[in-house]
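There are 2 protein chains.
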Amino acid sequence: MLSKKTKYAINALVYLARENKNGEPVQISKIAESENIPRKFLEAILLELRHAGMLNSRKGKTGGYYLQQNPEEINIADVMRLFDGPIALLPCVAYKYYERCEECIDEETCGIRSVFSDVRSETVKMLKGATLAEIIKRSESLKKEISLQKKTLKKKK
Amino acid sequence: MLSKKTKYAINALVYLARENKNGEPVQISKIAESENIPRKFLEAILLELRHAGMLNSRKGKTGGYYLQQNPEEINIADVMRLFDGPIALLPCVAYKYYERCEECIDEETCGIRSVFSDVRSETVKMLKGATLAEIIKRSESLKKEISLQKKTLKKKK
DNA sequence: TAAAATCCTACTAATTCGATAGGAATTCTA
DNA sequence: TAGAATTCCTATCGAATTAGTAGGATTTTA
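Which chain is which? The protein sequence lines are A and B, in order. Heads up, the first sequence is in the numbering used here, so the first residue is 12 and it goes up one at a time. Heads up, the second sequence is in the numbering used here, so the first residue is 12 and it goes up one at a time.
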C-alpha cells in the first residue's frame with residue numbers, strides 16, 4: 012500500500028495542477044486545508060517535492076509553492092519512487108533499486124522472479140502514464156458520467 | 012514490496028510442489044535448509060498456510076508438511092493477501108479489504124482512485140494466474156533457454 | 001522593522017517486521 | 001511403554017518504519 016506521505020504528495024500535486032493555472036504560489040496552509048492534510052506534515056512533503064524538482068517555491072510573505080514541471084510531465088511512478096522507494100514487489104526485479112534476494116538460490120531461473128518482473132513492467136507502464144494531466148482528465152470524465160447517470164435516473168421516474 | 016514472510020511462504024510452497032510429487036510429508040528443517048529460510052520463522056509461516064487450507068501436516072515422528080491443494084489451485088495473490096493484506100495500493104480500491112481514504116474528498120470522482128483501480132485489476136489478474144504450477148513451468152522454460160544460450164555460445168567459438 | 005511565509009533539523013509515539021524461546025501435544029519405533 | 005522426533009502454539013523482543021510534531025532560522029514584502 013502507498014504510504015500516507017505518497018498519497019498526500021499526489022493529492023497536493025493534483026491540487027496545484029488543477030487550481031493553479033496562473034502559476035502564482037499557493038500557501039501550504041491553503042493546500043493543507045483544501046486536501047485534508049496535516050499542515051506540518053505537508054510542509055515536509057512539499058519540501059521534498061521541491062528538492063526532486065517537481066515543485067518550486069517562493070519564500071516570505073506572498074510565498075508558497077507552484078508546479079515546476081508541466082502536468083503532463085509529472086507522473087505517479089516518480090512520486091511513488093521518491094517517497095516509498097521501488098515500485099517492484101521484489102528487490103531483484105527493481106530497476107532503480109535493484110538488490111539480490113538474500114535467500115535466493117538461482118536468480119536466472121527463478122519462476123517467482125519471472126512473474127514479478129512481468130507485474131513490475133505492467134505496473135510501471137500504467138503509473139508512468141498516470142500524469143497529473145491524465146488524473147485530472149479522468150476526474151472530469153467521471154464527473155460527466157455521474158451527472159449523465161443522474162439525468163437518466165430522472166427520466167425513468 | 013513483499014514482506015520476507017510472503018517471499019518465504021511462496022518459496023516453501025513452490026518447493027513442496029516441485030519436490031514432493033508423492034505427497035509424503037516434508038520436515039520443516041528440510042524446507043528451511045533447502046530454501047535458506049530461518050527454521051523457527053518458517054515454522055510459523057507453514058502453520059499459517061495450513062490454517063489457510065493450502066497445506067496440511069502430520070505430527071510426530073515421520074511428520075511434516077504437504078500440499079493440501081493442487082499446484083494449479085494455489086496462487087500468489089492468495090498467499091500475498093494472507094500475509095501482507097491487500098494487493099491494492101490504495102485502501103479505497105481494495106476488494107476484500109476495502110476502506111475509505113480518510114483524507115478523500117470525493118471518492119466517486121477521484122482520478123487517483125481511477126488509476127489505482129486499473130493497476131489493481133491488472134495486478135490481481137496476473138497474480139491469480141501465477142499458480143505454483145505456472146511458476147514451476149516458467150522456471151523450467153528459463154532453464155531450457157539458458158542451456159540453449161550456452162550451446163549457441165559454444166558454436167560461435 | 002514587523003508580519004508572514006518557507007526552510008530545516010530534531011524528536012517522538014505507535015506500529016510493523018523479522019525473528020527467537022520454550023514448552024505442550026502428538027506420533028512413531030525400539 | 002518409554003523415548004525420540006516432530007509439529008503446535010503463545011509470548012517476547014529488538015530494530016526499523018511510519019506518521020506526525022516542535023521550534024526556531026531564514027527570507028521576503030509592506
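Cβ coordinates follow ideal geometry from the N, Cα and C atoms, glycine included. In this text the structure is predicted, and so the values were computed from the model without any measurement.
* Three or more beta-carbon pairs under 8 Å between the region 140–154 of chain B and the region 121–135 of chain A, yes or no? -> yes
* With DSSP collapsed to three states, give me the class of residue 68 of chain A. => In the three-state reduction of the DSSP assignment, residue 68 of chain A falls in the strand class.
* Buried or exposed by the 16-neighbour rule on C-beta atoms within 10 Å, applied to residue 105 of chain B -> buried
* Asked: Cβ atoms of residue 117 of chain B and residue 137 of chain A: under 9 Å apart, would you say?
  -> no
* To do: Please specify which runs of the beta strand (DSSP E), each continuous and at least 3 residues long, are wholly inside the region 14–74 of chain A, giving them in chain order.
  => 66–69
* Looking only at C-alpha atoms, which of B/146, B/27, B/164 sits nearest to residue 79 of chain B? -> B/27
* Cβ distance (whole Å) where residue 88 of chain B is taken to contact residue 135 of chain B below 8 Å -> 6 Å
* To do: Compare the C-beta of residue 101 of chain B against all C-beta atoms of chain A and say whether one is closer than 9 Å.
  => For residue 101 of chain B, a Cβ of chain A is located within less than 9 Å of the residue's own Cβ.
* **At least 3 beta-carbon pairs within less than 8 Å: the region 85–101 of chain A vs the region 35–54 of chain A** => no
* **DSSP three-state assignment for residue 78 of chain B, whether helix, strand or coil** => DSSP places residue 78 of chain B in the strand class (E or B) of the three-state scheme.
* Compute the Euclidean distance between the alpha carbons of residue 81 of chain A and residue 20 of chain A, then round it to the nearest angstrom. => CA-to-CA, the gap between residue 81 of chain A and residue 20 of chain A works out to about 16 Å.
* Asked: If we ignore side chains and look at the alpha-carbon of each, how far apart do residue 101 of chain B and residue 53 of chain B end up?
  -> 29 Å
* To do: Give the residues of chain A in contact with residue 13 of chain B, contact being defined as C-beta atoms less than 7 Å apart.
  => The CB of residue 13 of chain B comes closer than 7 Å to the CB of 100, 101 in chain A, given here in chain order.
* Alpha-carbon to alpha-carbon, residue 167 of chain A and residue 133 of chain B -> Those two C-alpha atoms are separated by around 35 Å.
* Residue closest to residue 71 of chain A, alpha-carbon to alpha-carbon, out of A/139, A/39, A/59, A/14 -> A/39
* Asked: Any C-beta of chain A sitting closer than 9 Å to the C-beta of residue 25 of chain B?
  -> yes
* Starting from the N-terminal side, write out each stretch of the alpha helix (DSSP H) that is 4 residues or longer and does not extend beyond the region 77–113 of chain B. => Those alpha helix (DSSP H) runs which fall completely within the region 77–113 of chain B and span 4+ residues are 87–95.
* Is any beta-carbon of chain B found at less than 9 Å from that of residue 67 of chain A? -> no
* To do: Compare the C-beta of residue 149 of chain B against all C-beta atoms of chain A and say whether one is closer than 9 Å.
  => Under the 9 Å criterion on CB atoms, residue 149 of chain B is classed as interfacial with respect to chain A.
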